[in-house]
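J.:
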C-alpha cells in the first residue's frame with residue numbers, strides 16, 4: 001500500500017520519540033569524536049516539531065509534513081546537523097511534491113533527493129565518516145527494493161536495515177569531514193553520531209510504514 | 001583515566017558545580033545579564049537571540065556580524081560596540097546559532113552599506129551563516145563572508161574540514177571593525193579582514209577538559225598528568241596528547257608550528273596574543289608571554305603590539321593559545337583605533 005499523511009505524521013512522532021530515547025547515546029557518541037551536542041540539538045529540534053503537527057491544515061500532504069520538519073529543524077537545531085537535516089527534509093519534500101500518497105518508487109526518490117541535498121550542503125563523500133555513510137547505502141537499498149517492485153513499506157525496511165549497517169560500518173573509519181576530522185586517526189573506533197541518528201530516523205520511517213500497513 | 005579526575009575539584013560521584021539555574025536556559029539568562037550590564041553599549045533581543053550595538057543600524061556604515069556557539073565569552077557579544085562588531089549571534093553552548101537569529105542580526109545592522117559576516121571555520125557555523133546570507137540576499141541585503149581559519153594545529157586540510165577559526169578571529173574582528181568605523185566600503189572591509197586572517201596563525205593547548213552545562217560531563221578526558229596539544233576552542237583535539245611539561249617547553253611547542261607556518265621572519269612586526277581558555281590565571285598567561293617574547297626576540301621578530309588575557313575561551317577549561325599576527329602599517333593604525341566594547345576598550 002502507498003503511504004499517506006498519516007504515515008508522515010506518525011514518522012515524525014516516532015522520530016521525536018526515538019531521538020529522545022537515544023539522546024544520551026547520541027551525546028556520548030558525539031562527545032567521543034565531536035563536541036558532545038548532537039543528541040541535545042536533535043532532541044530540541046524534533047520536540048519543537050511535535051506541537052506544530054497539530055496545526056497542519058486539513059488536506060496537508062506528506063510533502064507538507066516534511067517541509068514543516070525541515071523549517072523547524074533549520075531554525076532550532078543549530079550546529080551542522082540543523083542545516084544538513086533541514087536540507088534533507090526540504091529536498092525530500094520537493095521530491096514528494098503535492099502527492100497525497102507515496103508508493104515504493106516515490107519513497108526511494110524522496111530518500112535519494114534527501115541524500116543528494118546533504119551531499120550538496122555538506123560536501124561529504126562516502127567513507128568520510130559522516131551521516132552520508134548511512135544515507136548512501138540506505139538510498140541504494142531503497143532503489144533496489146523499489147526496482148524489484150517493493151511496496152513503500154518494503155522500500156523503507158530495506159533503507160532502514162542498510163542505514164543501520166552503514167552506521168555500524170563507520171566505526172573503523174577515519175573521519176575526513178566535520179569536527180571528528182580534527183581527531184584524524186583517533187576518530188577510528190567510534191561510530192559517527194550523524195550516521196547513527198540517520199539510522200534511527202529511517203528505522204522510525206520503516207516502523208511507521210509497518211504500522212500503517214498493519215492498520 | 002577518567003576524566004573527572006582531571007577536573008580537579010569534581011570528584012567521582014559528585015555532580016559538576018556550575019553557577020546555573022536550568023541547563024537549557026544558560027545562554028538566554030547569561031545574554032540577558034550581559035544586556036543589563038552593558039545597556040550603554042548594546043541592545044539584546046531574546047527571540048531570536050542576538051546582541052546588537054546600541055546605535056545600530058548606522059546609516060552608510062558597513063555592518064559587521066559575528067557569532068557562533070556560546071561558551072567562548074567574551075567572544076562574540078563582548079566585542080559588540082564602537083569600532084568592532086555591530087552584532088553578535090550566540091548559539092547554544094558550543095553549537096552554531098541557527099540561520100534565523102543570524103538573519104535577524106544582519107537586518108538589524110544593515111545601514112545600507114552591506115553587512116560582513118565573520119565566521120569561524122567550523123562546519124556548523126559555516127553552514128548556518130551561509131543559509132542566513134542566502135536569506136538576507138533574498139531580502140536585498142548585500143552580505144560578504146570572511147571565514148577565519150588561523151589554527152595551525154590542523155595539519156592537512158584535504159582530509160579534514162579545514163583549519164579551524166580560533167583566537168585570530170578576535171584580531172580580525174577588531175581590525176575589520178575599525179575599518180568599517182572609519183567608513184570603508186564592504187569590499188574594503190572584507191579585504192582587510194581577509195588580510196588579517198591570512199597573516200595570523202594560532203595554536204592552543206588544554207590542561208583540563210571543559211564541561212558543557214547540558215551534558216554535565218567533561219567533553220573529553222585527560223589523565224592527571226596529560227595535556228592535549230593543538231586543541232580547538234571546544235577542547236576538540238588537534239595534534240597529540242603528551243605529559244605535562246614546564247611552561248617554556250609548552251610555549252615552544254605552540255610557537256614552533258606557528259612561526260614555521262606563515263612563515264614569520266626576522267624583521268617582521270607582529271602582534272603577540274596570549275589567550276587564556278577560561279580556567280588559567282593571568283599569572284600563568286604572562287609567564288607564558290615572557291617566553292614567547294623571548295623566542296620572537298631571538299628570531300629578530302619585533303613585537304609591535306600585544307594582547308594577553310581571556311578573550312576567546314572554552315568554558316572553564318585550563319589552557320591557552322598563542323596567536324601571532326604579522327602587522328603592516330594599516331593594520332597597526334586600525335588596531336590602535338578607538339574601540340568601546342564590553343571586553344576591549346581603549347582610545348575613546
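Chains as they are written, first to last, in this note's numbering: chain A, 1 to 215; chain B, 1 to 348. The beta-carbon is built from N, C-alpha and C at its ideal position, and this holds for glycine as well. This structure is a prediction, so every number in the text was calculated from the model and none was measured.
Taking C-beta pairs closer than 8 angstroms, name the residues in chain B that residue 186 of chain A reaches, listed in chain order.
T.: Working through the first chain from its first residue, we reach residue 186 of chain A at position 186. Neighbours of residue 186 of chain A on chain B, chain order: 237.
J.: Would you kindly check if the distance between the Cβ of residue 259 of chain B and the Cβ of residue 299 of chain B is under 8 angstroms?
T.: As a working mapping, residue 299 of chain B is identified with position 299 in the second chain. As a working mapping, residue 259 of chain B is identified with position 259 in the second chain. For residue 299 of chain B and residue 259 of chain B, yes; Cβs fall inside 8 angstroms.
J.: Secondary structure at residue 44 of chain A, three-state DSSP: helix, strand or coil?
T.: Looking up residue 44 of chain A in the first chain gives position 44. Residue 44 of chain A: helix per DSSP, three-state reduction.
J.: Does the beta-carbon of residue 117 of chain A have 16 or more other beta-carbons within 10 angstroms, so that it is buried, or is it exposed?
T.: As a working mapping, residue 117 of chain A is identified with position 117 in the first chain. Residue 117 of chain A should be labelled buried.
J.: For the alpha helix (DSSP H) holding residue 56 of chain A, just list the boundary residues, first then last.
T.: The sequence position of residue 56 of chain A within the first chain is 56, counting from 1. Per DSSP, residue 56 of chain A belongs to no alpha helix (DSSP H) and is neither H nor E.
J.: Could you work out which residues of chain B lie near residue 76 of chain A, taking near to mean beta carbons separated by less than 7 angstroms?
T.: Locating residue 76 of chain A in the first chain gives position 76, where the first residue counts as 1. Residues of chain B passing the Cβ test: 98.
J.: Can you find the residues in the same chain that come closer than 7 angstroms, C-beta to C-beta, to residue 331 of chain B, ignoring five residues on each side of it along the sequence?
T.: Reading the second chain from its first residue, position 331 is the one you call residue 331 of chain B. Closer than 7 angstroms at the Cβ level, and outside the excluded window around residue 331 of chain B, lie 175, 196.
J.: Span of the alpha helix (DSSP H) holding residue 225 of chain B?
T.: Counted from its first residue, the second chain places residue 225 of chain B at position 225. Premise fails: residue 225 of chain B is in no alpha helix (DSSP H) and is neither H nor E.
J.: Going by CA-CA distance only, name the one from B:339, B:209, B:284 that's closest to residue 221 of chain B.
T.: On the second chain, position 221 is the one that residue 221 of chain B refers to. Among B:339, B:209, B:284, the Cα nearest to that of residue 221 of chain B belongs to B:209.
J.: Alpha carbon to alpha carbon, how far is residue 11 of chain B from residue 219 of chain B?
T.: As a first step, residue 11 of chain B is located in the second chain; it is residue number 11 there, counting from the start. As a first step, residue 219 of chain B is located in the second chain; it is residue number 219 there, counting from the start. Legend: pLDDT at residue 11 of chain B = 36, less than 50; position of this residue unreliable, value from coordinates given subsequently. Whole-angstrom Cα-Cα distance: 16 angstroms.
J.: Looking at residue 132 of chain B: is its Cβ nearer than 8 angstroms to the Cβ of residue 99 of chain B?
T.: For the purposes of this step, residue 132 of chain B is taken as residue 132 along the second chain, with counting starting at 1. For the purposes of this step, residue 99 of chain B is taken as residue 99 along the second chain, with counting starting at 1. Yes, the Cβ-Cβ distance between residue 132 of chain B and residue 99 of chain B is below 8 angstroms.
J.: Which residues in chain A have a C-beta closer than 9 angstroms to the C-beta of residue 30 of chain B? List them in chain order.
T.: In the second chain, residue 30 of chain B corresponds to position 30, counting from 1. Here the premise fails: no neighbours, minimum Cβ distance about 16 angstroms.
J.: Quick one: using the 10 Å Cβ neighbour count with 16 as the cut-off for buried, is residue 14 of chain B buried or exposed?
T.: As a first step, residue 14 of chain B is located in the second chain; it is residue number 14 there, counting from the start. Residue confidence for residue 14 of chain B is low, a pLDDT of 42 falling below 50, so the modelled location carries little weight; the figure read from the coordinates is stated next. Residue 14 of chain B comes out exposed.
J.: Would you mind reading off the limits of the alpha helix (DSSP H) that contains residue 302 of chain B?
T.: Within the second chain, numbered from 1, the residue matching residue 302 of chain B stands at position 302. From DSSP, residue 302 of chain B is part of no alpha helix (DSSP H) but of the beta strand (DSSP E) over 302 to 309.
J.: DSSP three-state label for residue 38 of chain A, please.
T.: Within the first chain, the letter at position 38 stands for residue 38 of chain A. Three-state DSSP puts residue 38 of chain A in a helix.
J.: Between residue 183 of chain A and chain B, is the shortest Cβ-Cβ distance under 8 angstroms, so that the two count as touching?
T.: Residue numbering aside, residue 183 of chain A sits at position 183 when the first chain is read from its first letter. Cβ-Cβ to chain B under 8 angstroms: yes for residue 183 of chain A.
J.: Drop a sphere of 10 angstroms on the beta-carbon of residue 283 of chain B, count the other beta-carbons inside from all chains shown, and report buried for 16 or more, exposed for fewer.
T.: As a first step, residue 283 of chain B must be located in the second chain, where it is residue number 283. Residue 283 of chain B comes out exposed.
J.: If residue 162 of chain A sits next to residue 141 of chain A, beta carbons under 8 angstroms apart, how far is it from one beta carbon to the other, in whole angstroms?
T.: Residue mapping note: residue 162 of chain A aligns to position 162 of the first chain, counting from 1. Residue mapping note: residue 141 of chain A aligns to position 141 of the first chain, counting from 1. Between residue 141 of chain A and residue 162 of chain A the Cβ distance is about 4 angstroms, and since that is below 8 angstroms, they are a contact.
J.: Please report whether the beta-carbon of residue 16 of chain B lies at a distance below 8 angstroms from any beta-carbon of chain A.
T.: For the purposes of this step, residue 16 of chain B is taken as residue 16 along the second chain, with counting starting at 1. With 8 angstroms as the cut-off, residue 16 of chain B does not count as an interface residue toward chain A.
J.: Kindly indicate the opening and closing residues of the beta strand (DSSP E) around residue 241 of chain B.
T.: Taking the first residue of the second chain as 1, we reach residue 241 of chain B at position 241. Note, residue 241 of chain B: beta strand (DSSP E), 240 to 243.
J.: Measuring alpha carbon to alpha carbon, tell me which residue in A:177, A:200, A:56 is nearest residue 296 of chain A.
T.: Here chain A covers residues 1 to 215 and nothing more, so residue 296 of chain A does not appear.
J.: Which word fits residue 185 of chain B, buried or exposed, when buried means at least 16 other C-beta atoms lie within 10 angstroms of its C-beta?
T.: Locating residue 185 of chain B in the second chain gives position 185, where the first residue counts as 1. Exposed.
J.: Anything in chain C within Cβ reach of residue 80 of chain A, meaning under 7 angstroms, just list it in chain order.
T.: In the structure shown, chain C does not exist; the protein chains are A and B.
J.: Under 8 angstroms by Cβ, that's how I've got residue 111 of chain A and residue 139 of chain A pegged, so tell me the actual separation to the nearest angstrom.
T.: Here residue 111 of chain A refers to the residue found at position 111 when the first chain is read from its first residue. Here residue 139 of chain A refers to the residue found at position 139 when the first chain is read from its first residue. The Cβ separation is near 5 angstroms, so the contact holds.
J.: Alpha helix (DSSP H) containing residue 331 of chain B: first to last residue?
T.: As a position in the second chain, residue 331 of chain B is number 331, starting the count at 1. Residue 331 of chain B -> alpha helix (DSSP H) spans 329 to 336.
J.: Per DSSP, which one or two residues make a beta bridge with residue 151 of chain B?
T.: Start at 1 with the first residue of the second chain, and residue 151 of chain B comes out as number 151. Partner(s): B:202.
J.: With three or more C-beta pairs closer than 8 angstroms as the rule, is the stretch 248 to 262 of chain B touching the stretch 231 to 238 of chain B?
T.: Not touching, per the Cβ criterion.
J.: Residue 102 of chain B by DSSP, collapsed to three states: which one?
T.: Looking up residue 102 of chain B in the second chain gives position 102. DSSP places residue 102 of chain B in helix when its eight states are reduced to three.
J.: Straight-line CA distance for residue 4 of chain A to residue 137 of chain A?
T.: Here the question's residue 4 of chain A lines up with position 4 in the first chain. Here the question's residue 137 of chain A lines up with position 137 in the first chain. About 25 angstroms.
J.: Taking residue 185 of chain B as part of the beta strand (DSSP E), name the residues at either end of that continuous run.
T.: Mapped onto the second chain, residue 185 of chain B falls at position 185. Here residue 185 of chain B belongs to no beta strand (DSSP E), and DSSP marks it neither H nor E.
J.: Apart from the five residues just before and just after residue 402 of chain B, which ones in its own chain have a Cβ nearer than 8 angstroms to its Cβ?
T.: One cannot answer for residue 402 of chain B here, as it falls past the ends of chain B, which runs 1 to 348.
J.: Count the C-beta pairs between the stretch 159 to 170 of chain B and the stretch 321 to 337 of chain B that are closer than 8 angstroms, then say yes if the count reaches three, no if not.
T.: The stretch 159 to 170 of chain B vs the stretch 321 to 337 of chain B: in contact.
J.: With the cut-off set at 8 angstroms, would you say residue 121 of chain B and residue 96 of chain B are in Cβ contact?
T.: Counted from its first residue, the second chain places residue 121 of chain B at position 121. Counted from its first residue, the second chain places residue 96 of chain B at position 96. In this structure, residue 96 of chain B does not lie closer than 8 angstroms to residue 121 of chain B by Cβ.
J.: Our contact map puts residue 88 of chain B next to residue 51 of chain B with C-beta atoms below 8 angstroms; I'd like the distance itself, whole angstroms only.
T.: Here residue 88 of chain B refers to the residue found at position 88 of the second chain. Here residue 51 of chain B refers to the residue found at position 51 of the second chain. Indeed, because the Cβ distance is near 5 angstroms, the residues count as touching under 8 angstroms.
J.: Using the Cβ count rule (16 or more neighbours within 10 Å means buried), how would you classify residue 26 of chain B?
T.: On the second chain, residue 26 of chain B is found 26 positions in, with the first residue counted as 1. It counts as buried.
J.: Pick from B:304, B:335, B:206: whose alpha carbon is nearest that of residue 225 of chain B?
T.: The residue labelled residue 225 of chain B in the question sits at position 225 within the second chain. Comparing Cα positions, the closest option is B:206.
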